[in-house]
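Asker: Residue 4 is where the sequence shown starts when you use the numbering used here, and the numbers rise one by one after that.
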Amino acid sequence: CPGGSTTPGSASSPASAFAPLFEEQHLSAVLARALQRYPHPTLAIGLPEPAAERRVRLQELANQHLLPHFFNEEQLFEAHARGCSHAFDLLLARMHAEHQSIRGGLARVLAIPEPAQRDFDALGQQIEAHTRFEEAELFPALEKLPASTLAGLKQAIANQHARAVHPHLKPPIDRHPGR
4 CPGGSTTPGS ASSPASAFAP LFEEQHLSAV LARALQRYPH PTLAIGLPEP AAERRVRLQE
64 LANQHLLPHF FNEEQLFEAH ARGCSHAFDL LLARMHAEHQ SIRGGLARVL AIPEPAQRDF
124 DALGQQIEAH TRFEEAELFP ALEKLPASTL AGLKQAIANQ HARAVHPHLK PPIDRHPGR
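1) Within this structure, are the beta carbons of R40 and L113 separated by less than 8 Å?
2) Under the three-state reduction of DSSP, which class applies to P118: helix, strand or coil?
3) Determine contact between the segment 126-133 and the segment 25-39, defined as no fewer than three beta-carbon pairs at a distance below 8 Å.
4) Whole angstroms are fine: how far does the CA of Q62 sit from the CA of L79?
5) Could you have a look at S13 and say whether DSSP puts it in helix, strand or coil?
6) In this structure, does DSSP put D53 in helix, strand or coil?
7) Contact defined as beta carbons within less than 8 Å: I believe A54 pairs with P118. What is the distance between those atoms, to the nearest angstrom?
8) Take E101 and list the residues in its own chain whose beta-carbon comes closer than 6 Å to its own, dropping the five residues that flank it on each side.
9) For E27, which residues of its own chain have a beta-carbon under 6 Å away from its beta-carbon, when the five flanking residues on both sides are left out?
10) Check whether the Cβ atoms of L94 and E140 lie closer than 8 Å to each other.
11) Can you check which of these residues, F123, H99, P23 and R97, is closest to L109 by C-alpha distance?
12) How should H83 be labelled, buried or exposed, when 16 other C-beta atoms within 10 angstroms of its C-beta is the threshold for buried?
13) Measuring alpha carbon to alpha carbon, tell me which residue in A165, F25, A144 and S31 is nearest F91.
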């Protein structure tokens, strides 16, 4: 387990440290609902009605929010949580598989010049199911990781969020590598 210690995480919830990930997660859920045309989705994230325009807006939202969210999760969890437990590694494998499947569904919808509503629905349902999995299983499993792993993960999220908010900042230099 990266970080060394096997002491379970602290009793306090890591929710505040994970807030940037949870915010990204919320945007994924909003996108999923909007794709399926739940009440006033176009007001929530601005998906236009004509299918061709909707497709273009979907691509923008995917490039700005969904795909970076997947990348962030994959990088963070692989670097800081892979190998902590067999159970968590299984959840990571499922996360990766679902991310790949959603990327494939997204590519299929974006390849259609004027996708039908059923195409948007299928992608929205896929994203929604994945979001529920992460919220119900993956994120709660984070709390069971060793305290040192949680600390490293929280710091990496804070650094990543700082770079996203302030892209001119460079990552901190580790003056004590391997420690």
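Quick reminder that beta carbons are idealized off the backbone N, C-alpha and C, glycines included.
Answerer: In short, the structure shows the following:
1) no
2) coil
3) Touching, yes.
4) 24 Å
5) With a pLDDT of only 46 at S13, under 50, the local geometry of the prediction cannot be trusted, and the value read off the model is given with reservation. In the three-state reduction of the DSSP assignment, S13 falls in the coil class.
6) Looking at the sequence provided, one finds Pro at residue 53 rather than Asp. Residue state, collapsed to three classes: coil.
7) With 8 Å as the limit, A54 and P118 qualify as a contact, their Cβ atoms being about 5 Å apart.
8) So the qualifying residues of the chain are H133.
9) Cβ within range, chain order: H72.
10) In terms of Cβ geometry, L94 and E140 form a close pair [threshold 8 Å].
11) F123
12) buried
13) A144
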